[in-house]
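J.: Handing you a structure now.
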Amino acid sequence: MDRFMLHAMLQDMLLARSFEERAAREYTEGNIAGFLHLYPGEEAVAVGVLHAAESSDYVVSTYREHVHALVRGIPARSIMAELFGRRDGCCRGMGGSMHLFDRERRFMGGYAIVGETFPVAVGLAYATAMRSQPEAVICFFGDGAVNQGTFHESLNMAALWNLPVLFVCENNHYQIGTEIHRHSAVSDVFKRACGYRIPAEKINGMDVLRVYEATQSALQRIREGAGPQFLEMETYRFRGHSMADAGNYRPQVEVEAYRRMDPLSIVEKAEQPLYPSAENIASAGPDTINGFSEHLRAEQLINADEIEQMKQQVEQTVEDAVDFARRSPEPGMEEALAALDCNRGQEVLI
Amino acid sequence: MDRFMLHAMLQDMLLARSFEERAAREYTEGNIAGFLHLYPGEEAVAVGVLHAAESSDYVVSTYREHVHALVRGIPARSIMAELFGRRDGCCRGMGGSMHLFDRERRFMGGYAIVGETFPVAVGLAYATAMRSQPEAVICFFGDGAVNQGTFHESLNMAALWNLPVLFVCENNHYQIGTEIHRHSAVSDVFKRACGYRIPAEKINGMDVLRVYEATQSALQRIREGAGPQFLEMETYRFRGHSMADAGNYRPQVEVEAYRRMDPLSIVEKAEQPLYPSAENIASAGPDTINGFSEHLRAEQLINADEIEQMKQQVEQTVEDAVDFARRSPEPGMEEALAALDCNRGQEVLI
Amino acid sequence: MAQEMFYYQALNRALDEEMAADDSVFILGEDVGLYGGSYRVTEGLYARYGEWRVRDTPISEGSFTGLGVGAALIDMRPVVEIMTVNFALLALDAIINMAAKIPFMSGGQFPMPLVVRMPGGVARQLAAQHSQRLEHTLMNVPGLRIAVPATVQDAWWQLKQAIRSEEPIIMLEHELLYFSKGELDETADAIPMHRAVVRRPGEDITIIGYSRMALLAEEAAALLAESGISAEVIDLRSLRPIDWATCIASVQKTHHCLVVEEDCVFAGAGAEVAAKLAEACFYELDAPVQRHGALDIPTPYNRSLEIASIPTAESIAEAARRLVAEPPAAGDEK
Amino acid sequence: MAQEMFYYQALNRALDEEMAADDSVFILGEDVGLYGGSYRVTEGLYARYGEWRVRDTPISEGSFTGLGVGAALIDMRPVVEIMTVNFALLALDAIINMAAKIPFMSGGQFPMPLVVRMPGGVARQLAAQHSQRLEHTLMNVPGLRIAVPATVQDAWWQLKQAIRSEEPIIMLEHELLYFSKGELDETADAIPMHRAVVRRPGEDITIIGYSRMALLAEEAAALLAESGISAEVIDLRSLRPIDWATCIASVQKTHHCLVVEEDCVFAGAGAEVAAKLAEACFYELDAPVQRHGALDIPTPYNRSLEIASIPTAESIAEAARRLVAEPPAAGDEK
Ligand SMILES: Cc1ncc(C[n+]2csc(CCOP(=O)(O)OP(=O)(O)O)c2C)c(N)n1
Ligand SMILES: Cc1ncc(C[n+]2csc(CCOP(=O)(O)OP(=O)(O)O)c2C)c(N)n1
Ligand SMILES: [Mg+2]
Ligand SMILES: [Mg+2]
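Residue numbers (this note's numbering), protein chains in the order written: chain A, 128 to 477; chain B, 128 to 477; chain C, 309 to 642; chain D, 309 to 642.
Here you go:
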């Protein structure tokens with residue numbers, strides 16, 4: 128992978144982290160409301176997967192989708208404005224945090240009812256296959272979503288009709304406060320794919336490069352006509368489920384252990400660890416990502432200055448986004464009605 | 128297995144066949160209406176499974192449940208009266224063919240919405256496990272039902288909580304007119320159980336003895352606390368999906384091939400084959416059940432007279448059932464209202 | 309140019325014509341393909357258009373309806389058949405939380421040219437689980453539209469209009485109408501999709517119905533004529549939106565209004581019609597707006613009880629007679 | 309003996325008492341156990357009663373609700389919590405086609421002592437998919453009963469009554485009420501579960517509401533009093549059955565009736581109330597029964613639009629003012 132790509136990935140990870148932490152602050156200050164589900168800890172998944180995708184591929188996500196949207200290229204401004212419920216938000220303030228959509232960038236929505244992403248993705252893939260187009264559909268979902276009936280129904284249809292869908296499970300081990308061994312008969316989510324003849328693999332979702340590679344080869348198989356593929360990304364969320372959740376059901380040691388594997392540290396570990404302190408890392412057990420990190424530094428693919436510059440850029444982007452959101456006007460009721468009837472056109476109903 | 132048991136099984140199979148063929152006739156004559164789904168061809172499953180169960184076990188079934196109900200011990204009279212919609216039917220004429228219930232015999236219902244049997248069975252098993260009772264729950268369903276979301280959700284919960292359910296798939300290869308390879312990504316239904324750590328096996332469902340044995344050992348494992356078990360019974364329905372379906376989507380050769388494996392012929396093949404002629408059988412390819420049949424005859428477990436006697440008894444039972452149904456009065460609206468409010472008791476609502 | 313045919317054939321023709329005209333139209337549902345559809349509505353289309361455009365699905369209502377939603381997002385025009393309305397309870401999330409809400413939630417970015425067809429109503433001894441009515445549930449959903457064709461002509465018109473519309477539309481077809489006969493005139497000017505029509509003019513009372521009940525209301529009007537009562541019969545044709553103008557104009561003339569529905573009366577489709585007209589025509593009414601619909605019980609399997617549980621032409625006529633004979637008796641829930 | 313507490317605490321206490329008294333009562337739902345419930349309703353019960361009686365479930369609404377149905381068949385008393393009403397769209401087959409119909413279809417053989425609790429309503433910027441209202445759908449189902457407690461006392465009473473009943477009961481709890489405070493008097497004589505109550509007596513107009521809207525109606529009545537209008541406020545407490553006698557008696561006195569609901573007006577819960585009262589009180593009404601409810605759009609995320617989409621105390625008062633000032637303007641769908 129070239130230097131440019133690597134930098135872009137690191138930048139996206141930094142932006143993701145910064146955007147989310149800022150959203151948390153804006154929530155606390157009352158500028159954002161409703162349910163707010165943040166992504167810190169899981170950045171490697173969104174960044175690795177979406178950098179491996181083509182811009183013509185479709186993306187379907189959940190309520191925890193800000194970062195998928197960002198990495199997909201929706202401007203931070205327009206996402207932040209949406210979180211603020213403003214007119215310049217990507218959904219004009221009608222959808223909010225859990226319902227980001229961007230037609231142009233083929234970001235096909237954040238869905239807040241667990242399990243909805245599956246049939247939507249399969250529908251997009253069906254249309255694509257029917258038109259013999261080369262695009263794939265990337266479907267994000269959590270470990271908890273795997274127990275919803277639509278998972279099963281949709282995977283069966285995707286396999287039966289050999290549809291171009293990449294199922295990406297973000298296994299962060301929790302369905303809100305319920306740990307995976309208490310909600311699923313199998314803790315290895317990828318095993319669920321066996322009932323449908325769908326090739327499946329477990330990937331270290333804290334390792335952005337591994338995520339990237341796995342996605343790339345899965346997408347290649349899909350484009351070659353191999354049908355749906357399934358990737359389980361093992362990852363962790365550092366925060367609670369949403370801003371309403373302190374995450375107290377998790378042992379502190381567990382949270383710490385995963386912080387040590389912070390995906391950001393893959394490329395900048397020695398420079399400036401965002402979460403764990405250097406001592407924490409030193410005292411840590413095996414860190415699956417040290418290898419990568421060292422490899423990258425050894426290859427001299429990045430230096431401290433570059434990272435510093437990136438961070439400043441990212442902070443500026445986020446600051447600008449908040450500023451933009453703040454200044455954007457509230458939508459009026461006539462805009463709500465227009466959104467509802469967006470498709471009516473000249474149709475005479477009565 | 129002793130002679131008595133074997134005879135009882137044969138008798139039940141004969142009764143099942145005769146009852147269903149008579150129901151078809153009564154339907155044609157207008158005495159039964161609605162959707163009528165018949166069981167000929169699949170008798171070995173109901174008979175083998177339910178003879179291996181205890182009377183304290185619970186049974187949950189679908190709209191194709193007359194034979195499960197019969198073998199469970201609901202009198203032919205009360206089932207036939209239900210099909211006629213009469214007051215002496217097992218549900219007082221309120222439920223009809225697709226909704227047979229018998230509280231006393233733990234026949235927990237015929238459910239007409241595909242996929243409902245799963246959660247009901249899991250709920251019964253949950254209650255049983257919670258009370259630490261030794262009963263198991265037997266859950267019948269078809270190959271088409273396996274694609275419903277509740278299958279997935281329920282199997283996960285059953286495995287997760289180690290519940291005493293025996294899942295019995297009656298794989299007759301068709302979901303109405305859609306053959307299994309056109310509705311399921313895997314044609315071996317038992318493979319679907321792998322995603323939940325549930326032990327599963329494919330059984331020749333045309334062989335009543337094999338069905339019996341497999342059920343017996345699965346129930347034993349369940350009672351020993353091994354959690355849910357899954358049996359795929361490969362079988363075939365000789366008729367269309369329901370009385371409204373001529374079954375024309377199936378190649379005639381396929382129908383004939385399965386007729387050759389008619390489960391009834393296991394024990395009485397040489398005497399008087401109900402479906403295929405002796406010549407047909409002779410000209411047939413490998414018949415998986417000849418072995419059993421010959422074995423039974425060699426062991427002299429039954430003779431021609433006994434079979435003849437059984438048949439007469441069965442015919443009489445069915446005749447009597449029709450007679451009973453015909454004479455039973457129509458229920459009145461006050462009975463319908465009483466059924467609806469059966470549980471209200473002395474409760475003061477307003 | 310009118311041609312006599314069955315209701316199911318009119319639907320079949322509408323599908324065939326729209327599929328021929330626009331290759332983004334495709335059908336999916338259980339047994340719609342090889343088998344030809346449980347009520348023959350899709351007969352012949354599999355052979356003509358192939359498996360991708362007439363897709364037989366597994367029994368997975370929640371997800372194949374959701375599949376339609378996904379495909380509609382990128383300008384396909386899926387026509388989902390839910391084998392019967394009874395199974396639509398499994399697909400309501402896709403219909404209510406997805407199809408109806410996505411255009412709005414996305415701030416108007418996404419069209420939803422989705423049609424969901426479902427046969428329903430009380431047929432013949434299909435028992436409680438197969439006699440579910442769902443109109444009341446769907447009516448309360450902003451973003452949906454609901455067509456309820458009663459005639460061969462409307463079946464053809466409304467299905468074609470639904471397929472061409474960019475909004476999500478539910479077609480509630482009645483199981484007992486599929487094999488009813490009527491005239492189809494392809495050259496007639498189409499009535500707007502949601503306009504109500506006066507099926508029979510009259511002076512003394514307005515009887516409002518939809519789907520099969522509109523036809524029974526016409527029969528009832530014929531019976532009433534024999535007893536000297538002139539009933540105006542309105543077929544709503546659509547349950548969302550409802551053509552209030554046609555209803556109000558009629559009630560202003562007759563000063564009496566009976567709403568007939570196959571839904572259970574309590575909180576059924578007729579509640580909206582009655583509540584709205586009682587309000588809008590308050591000063592014009594000589595008697596309360598009354599509803600005549602199904603009894604408040606699950607549908608019994610037994611045939612006599614089943615018949616007794618829903619309106620018949622006779623019971624409609626009887627309810628109308630009582631209503632015009634002032635003051636009416638209270639509480640008529642057949 | 310009254311004690312002040314939160315609404316969620318009253319529910320928690322009801323559960324605790326019933327679980328202590330009867331070991332066939334058990335709870336299941338997402339995060340009801342270890343986590344203590346999204347709205348703290350089941351807090352502490354997992355520790356006290358263990359995982360079998362307070363069962364954390366996977367995200368499988370259709371099946372764990374169905375699990376409750378199965379368990380209820382053999383005399384367990386499951387209390388299913390659907391995390392919010394929005395997810396109940398996935399469980400409607402279990403509720404409508406199973407729980408409500410089995411007692412009937414089995415000819416009266418099976419009880420269905422099932423309680424399904426679901427928080428709902430429009431809360432605070434949860435957006436369209438999380439602001440679904442479902443009362444209209446559930447009301448039309450024969451065999452179900454629906455309680456909609458607005459106060460701490462009713463939350464406690466009605467949940468206890470529901471658990472003890474042998475019929476399937478839906479508890480619609482309002483997300484914005486969980487952290488409202490009120491008095492609980494455990495020694496007071498219980499009001500029957502489905503009886504409506506007059507929360508405030510008045511002479512000029514009857515305002516009928518339920519759940520949070522009943523409380524807003526009380527606030528509105530206070531505002532109206534300032535402008536010299538005496539409003540009688542009725543809290544329905546139950547949506548199925550509805551206590552008509554209490555409503556009718558009030559309308560016969562005030563001759564004006566405003567129905568307030570959080571459901572969208574078109575085919576919402578209020579349609580039944582308005583249709584029935586317009587009929588039953590036809591000769592007593594001085595003005596049409598009017599409905600005041602949610603706008604006919606999915607709930608917007610934006611806060612001002614969200615507020616504008618449902619009734620407020622002010623908008624209720626305004627609607628009431630217009631209604632008593634005859635003749636009222638047509639078509640008030642806030
Ligand atoms: C059908 C449905 N049930 C319940 C919820 C409430 N809920 C929101 S997120 C969530 C947990 C989802 O867990 P998972 O799929 O692992 O995703 P994660 O939040 O961990 O990313 C639940 C139960 C919902 N939104 N939809
Ligand atoms: C949810 C649902 N969808 C569709 C139907 C219509 N239907 C009734 S039986 C059936 C086929 C079921 O096939 P299978 O499970 O293999 O059982 P079999 O009839 O072969 O015994 C279908 C589609 C239904 N009853 N319920
Ligand atoms: Mg998770
Ligand atoms: Mg089958």
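C-beta: ideal position from N, C-alpha, C; glycine also.
Tell me the rounded alpha-carbon separation between Phe253(D) and Leu566(D).
T.: Only positions 309 to 642 of chain D appear in this structure, which leaves residue 253(D) out of reach.
J.: Taking C-beta pairs closer than 7 Å, name the residues in chain D that Val241(A) reaches, listed in chain order.
T.: Under the 7 Å cutoff, chain D gives Ile367.
J.: In chain order, what residues of the same chain have a beta carbon less than 8 Å from the beta carbon of Ser182(B), not counting five sequence neighbours either side?
T.: Cβ within range, chain order: Gly200, Arg232, Arg233.
J.: Give the residues of chain A in contact with Ala312(B), contact being defined as C-beta atoms less than 7 Å apart.
T.: The contacting residues are Asn283, Ala286, Leu287, Tyr323, Arg324.
J.: Could you pull the start and end residues of the alpha helix (DSSP H) that Asp372(B) belongs to?
T.: Careful: Asp372(B) lies outside any alpha helix (DSSP H) and carries neither H nor E.
J.: Can you name the start and end residues of the alpha helix (DSSP H) that Gln343(B) belongs to?
T.: Taken as a continuous stretch (DSSP letters only), the alpha helix (DSSP H) holding Gln343(B) covers 335-350.
J.: So, is the C-beta of His438(D) closer than 8 Å to a C-beta in chain A?
T.: Judged by the 8 Å Cβ criterion, His438(D) is in contact with chain A.
J.: Does the Cβ-Cβ distance between Val460(C) and Leu480(C) come in under 8 Å?
T.: Cβ distance not < 8 Å, so Val460(C) and Leu480(C) don't count as in contact.
J.: Run the proximity test for Leu484(D): is its beta-carbon closer than 7 Å to any non-hydrogen atom belonging to ligand 1?
T.: Flag unset: Cβ of Leu484(D) not near ligand 1.
J.: Is the Cβ of Phe267(B) closer than 8 Å to any Cβ of chain G?
T.: Reference to chain G is not applicable here, since the protein chains of this structure are A, B, C and D.
J.: Tell me the rounded alpha-carbon separation between Gln379(B) and Ala408(D).
T.: When rounded, the distance between both Cα atoms is 43 Å.
J.: Consult DSSP for Met406(D) and reduce its assignment to one of helix, strand or coil.
T.: In this structure, Met406(D) counts as helix in the three-state DSSP scheme.
J.: Determine the direct distance from the alpha carbon of Leu210(A) to that of Val423(D), and round the result to whole angstroms.
T.: The straight-line gap from Cα to Cα measures roughly 36 Å.
J.: Compare the C-beta of Asn299(A) with all C-beta atoms of chain D and state if any pair is closer than 8 Å.
T.: It does not: the Cβ of Asn299(A) has no partner Cβ on chain D nearer than 8 Å.
J.: Does any residue of chain C have a CB that is nearer than 8 Å to the CB of Ile461(D)?
T.: The question names Ile, but residue 461(D) is Gln in the sequence shown. For Gln461(D), the answer is no, since every Cβ of chain C falls outside 8 Å of its Cβ.
J.: Given 7 Å as the limit, tell me if Gln302(B) has its C-beta closer than that to any heavy atom belonging to ligand 4.
T.: Yes, the beta carbon of Gln302(B) sits closer than 7 Å to at least one heavy atom of ligand 4.
J.: Any beta-carbon of chain A closer than 8 Å to the one on Phe131(B)?
T.: Chain A contact via Cβ: absent.
J.: Ignoring anything shorter than 3 residues or poking outside the segment 469-551 of chain C, list the beta strand (DSSP E) runs there in chain order.
T.: 477-482, 489-492, 505-508, 513-517, 539-543, 546-548, all fully within the segment 469-551 of chain C.
J.: Please name the residues in the segment 219-235 of chain A whose beta-carbon is closer than 9 Å to at least one beta-carbon of chain D, in chain order.
T.: Here the close residues are Arg219, Gly220, Met221, Gly222, Gly223, Ser224, Met225, His226.
J.: What does Ile545(A) reach in chain C if we use C-beta pairs closer than 7 Å?
T.: Residue 545(A) cannot be examined here, being either before or after the span of chain A that is shown, 128 to 477.
J.: Please confirm if the segment 597-609 of chain C is in contact with the segment 221-228 of chain B, defined as three or more CB-CB distances below 8 Å between the two stretches.
T.: Short answer: they touch.
J.: Return the CA-CA distance between Ile615(C) and Gly237(B), expressed in angstroms with no decimal places.
T.: For Ile615(C) and Gly237(B), the distance between alpha carbons rounds to 23 Å.
J.: Have a look at Glu491(D) and Ile390(D) and give me their C-alpha separation to the nearest angstrom.
T.: C-alpha separation (whole angstroms): 26 Å.
J.: What does Glu475(C) reach in chain A if we use C-beta pairs closer than 7 Å?
T.: Per Cβ cutoff of 7 Å: Asn470, Arg471.
J.: What residue range is occupied by the uninterrupted beta strand (DSSP E) comprising Asn331(B)?
T.: That run of the beta strand (DSSP E) goes 327-331.
J.: Would Gly412(B) count as contacting chain D if we go by Cβ distances under 8 Å?
T.: With a pLDDT of 33 at Gly412(B), under the threshold of 50, the modelled position of that residue is not reliable, and no figure is offered here.
J.: If you run the structure through DSSP and keep just helix, strand and coil, what is Ala284(A)?
T.: It is Met, not Ala, that sits at residue 284(A) in the sequence shown. It is helical.
J.: Taking 8 Å as the CB-CB limit, is Glu461(B) close to chain D?
T.: No, Glu461(B) does not count as interfacial toward chain D.
J.: Any heavy atom of ligand 4 within a distance shorter than 7 Å of the CB on Asp372(B)?
T.: Flag unset: Cβ of Asp372(B) not near ligand 4.
J.: Where does His164(B) sit, in a helix, a strand or coil, going by DSSP?
T.: Residue state, collapsed to three classes: coil.
J.: Tell me the DSSP secondary structure of Asn417(A) in three-state form.
T.: Below a pLDDT of 50, predicted positions are generally treated as unreliable, and Asn417(A), at 35, falls in that range; no measurement from the model is reported.
J.: Can you tell which of Glu483(C), Ala399(C), Met313(C) has its C-alpha closest to the C-alpha of Ser368(C)?
T.: When only C-alpha atoms are compared, the closest one is Ala399(C).
J.: Step through the CB atoms of chain C and report whether any lies within less than 8 Å of the CB of Gly91(A).
T.: Any property of residue 91(A) remains undetermined from this structure, which presents chain A solely from 128 to 477.
J.: Relative to ligand 1, is the shortest distance from any of its heavy atoms to the C-beta of Phe278(A) smaller than 7 Å?
T.: No; taking the cut-off as 7 Å, the Cβ of Phe278(A) has no heavy atom of ligand 1 nearer than that.
J.: Counting along the chain, where does the alpha helix (DSSP H) carrying Asp139(B) start and finish?
T.: Note, Asp139(B): alpha helix (DSSP H), 130-155.
J.: Give a yes or no on whether 8 Å exceeds the smallest Cβ distance from Asn158(A) to chain D.
T.: By this cut-off, Asn158(A) is not an interface position.
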